[in-house]
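Asker:
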Amino acid sequence: MNHTLQHTIMQELVWGESPQAVAVRHSLPIEEIVALVERCPGLLPAKGEARRALALARLDILAEIALTAAKASDMGAIKTYLEIQKREAALTGMDAPTRQDTTVTVDVPWLRETRLAYKKEKDLAMDIVARPLTKISADTLDADE
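The sequence shown begins at 28 in the numbering used here and counts up one residue at a time.
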């Protein structure tokens with residue numbers, strides 16, 4: 028396999044073509060394509076970081092094409108280049124919002140340690156309303172009649 032064909036095949040694999048489709052297109056045995064892939068680890072998309080790196084490599088290729096046209100004042104190419112930059116920022120995390128940790132403190136006066144009645148062995152209700160609860164018994168009701 029000559030250098031130009033090898034480069035073409037590698038570009039097709041980077042663009043997402045399957046090794047089988049590349050082998051059929053170039054009338055090559057699949058074993059030659061597999062051998063090329065083994066010599067260049069990371070050439071085929073894999074999970075996680077490898078797929079992200081592959082997507083970034085594709086964006087680099089597209090950005091180069093769009094930038095060439097954008098330099099010639101092509102408004103469509105300029106917009107396309109900006110969209111490519113947005114996608115690259117999303118893939119690299121450059122567009123992530125600035126993280127801000129917020130703490131909210133709520134002050135409830137009757138729950139302050141100095142006010143908690145059970146800490147001072149007082150009646151909690153008396154501490155909250157600042158007066159003792161009136162106990163009503165059957166004797167008190169009979170006396171009112």
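We put the beta carbon where it would ideally sit given N, CA and C, even for glycine.
Which whole-angstrom value is the C-beta distance of Glu58 and Val49, which I expect to be below 8 Å?
Answerer: Here residue 58 refers to the residue found at position 31 of the sequence shown. Here residue 49 refers to the residue found at position 22 of the sequence shown. Contact doesn't hold; Cβ gap of about 12 Å is too wide.
Asker: Return the first residue and the last residue of the alpha helix (DSSP H) that Met102 is part of.
Answerer: Indexing the sequence shown from 1 puts residue 102 at position 75. Note, Met102: alpha helix (DSSP H), 102-119.
Asker: Take Gly103 and list the residues in its own chain whose beta-carbon comes closer than 6 Å to its own, dropping the five residues that flank it on each side.
Answerer: Counting from 1 along the sequence shown, the entry for residue 103 is found at position 76. Here the set comprises nothing.
Asker: Consult DSSP for Arg52 and reduce its assignment to one of helix, strand or coil.
Answerer: Along the sequence shown, one-based indexing puts residue 52 at 25. Arg52: helix per DSSP, three-state reduction.
Asker: Which residues bound the alpha helix (DSSP H) around Glu44?
Answerer: Counted from its first residue, the sequence shown places residue 44 at position 17. Per DSSP, Glu44 belongs to no alpha helix (DSSP H) and is neither H nor E.
Asker: Under 7 Å Cβ to Cβ from Arg114, same chain only, skipping five residues before and after it: list those, please.
Answerer: Position 87 of the sequence shown, counted from the start, is the residue given in the question as residue 114. Result list for Arg114: Leu86, in chain order.
Asker: List the endpoints of the continuous alpha helix (DSSP H) containing Ala62.
Answerer: Translated into positions along the sequence shown, residue 62 becomes position 35. Ala62 -> alpha helix (DSSP H) spans 57-66.
Asker: May I ask you to report which of helix, strand or coil DSSP gives Arg78?
Answerer: Within the sequence shown, residue 78 is the residue found at index 51, counting from 1. Helix, per DSSP.
Asker: For Ala62, tell me which candidate among Lys106, Thr125, Met37, Leu83 has the shortest Cα-Cα distance.
Answerer: Indexing the sequence shown from 1 puts residue 62 at position 35. It is Met37 whose Cα lies nearest to the Cα of Ala62.
Asker: Please report the straight-line C-alpha distance between Thr31 and Met121, rounded to a whole angstrom.
Answerer: Against the sequence shown, residue 31 aligns to sequence position 4. Against the sequence shown, residue 121 aligns to sequence position 94. Cα-Cα distance, rounded: 36 Å.
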